[in-house]
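Position 57 of the sequence shown, counting from 1, maps to 91 under our numbering, and the rest follow consecutively.
Glycine residues also receive a C-beta, built at the ideal position from the N, C-alpha and C atoms.
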Amino acid sequence: MLKSSRKPILAPPRAEKEYSVRIFPDQCDGCELCVEFCPVDVLEIDLESYNSRMLHYAKTAKPDDCVGCKQCERLCPTASIFISEKEVS
């Protein structure tokens with residue numbers, strides 16, 4: 035049997051990462067920065083509900099679409115959004 039010295043150019047495929055979006059509605063002031071800067075439109079402002087400060091707040095519209103860029107987490111002035119990586123089996 036011949037042994038090859040060739041190695042794959044690309045890494046073998048592995049499970050894609052998944053991310054969890056957690057929003058604390060009582061902290062959110064509804065500034066919409068997260069909504070505007072999300073590259074995949076995961077977030078939206080909940081116009082039907084109010085938080086304890088009587089403000090509309092951000093909610094996840096499409097949580098499974100999050101790509102984990104953490105743009106919303108970095109831009110949130112009230113630190114009410116947190117992105118974490120899920121375990122993928």
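Open item on the list: Assuming LEU77 is part of the beta strand (DSSP E), what are its boundary residues?
Closed with: In the sequence shown, counting from the first residue as 1, residue 77 sits at position 43. Its beta strand (DSSP E) spans residues 77-80.
Open item on the list: Taking the straight line between their C-alpha atoms, what separation do you get for VAL76 and ARG87?
Closed with: For the purposes of this step, residue 76 is taken as the residue at position 42 of the sequence shown. For the purposes of this step, residue 87 is taken as the residue at position 53 of the sequence shown. Between VAL76 and ARG87, the C-alpha separation is close to 24 Å.
Task: Simplified DSSP assignment, three categories, for VAL55 - done: On the sequence shown, position 21 is the one that residue 55 refers to. In this structure, VAL55 counts as strand in the three-state DSSP scheme.
TODO: Go ahead and label LEU67 buried or exposed: buried means 16 or more other beta carbons lie within 10 angstroms of its beta carbon, across all protein chains shown.
DONE: Numbered from its first residue, the sequence shown carries residue 67 at position 33. It counts as buried.
Task: Alpha carbon of ARG106 to alpha carbon of VAL122, nearest angstrom - done: Working through the sequence shown from its first residue, we reach residue 106 at position 72. Working through the sequence shown from its first residue, we reach residue 122 at position 88. Note that residue 106 is Cys in the sequence shown, not Arg. Spanning the two alpha carbons is a distance of roughly 23 Å.
Task: Within 8 Å, strictly: CB atoms of ALA124 and GLY64 - done: Residue 124 cannot be examined here, being either before or after the span of the chain that is shown, 35 to 123.
- [ ] Can you give me the Cβ contacts of LYS104 inside the same chain, cut-off strictly under 8 Å, excluding the 5 residues immediately before and after it?
- [x] Numbered from its first residue, the sequence shown carries residue 104 at position 70. Excluding positions up to five away in sequence, the list reads ILE117.
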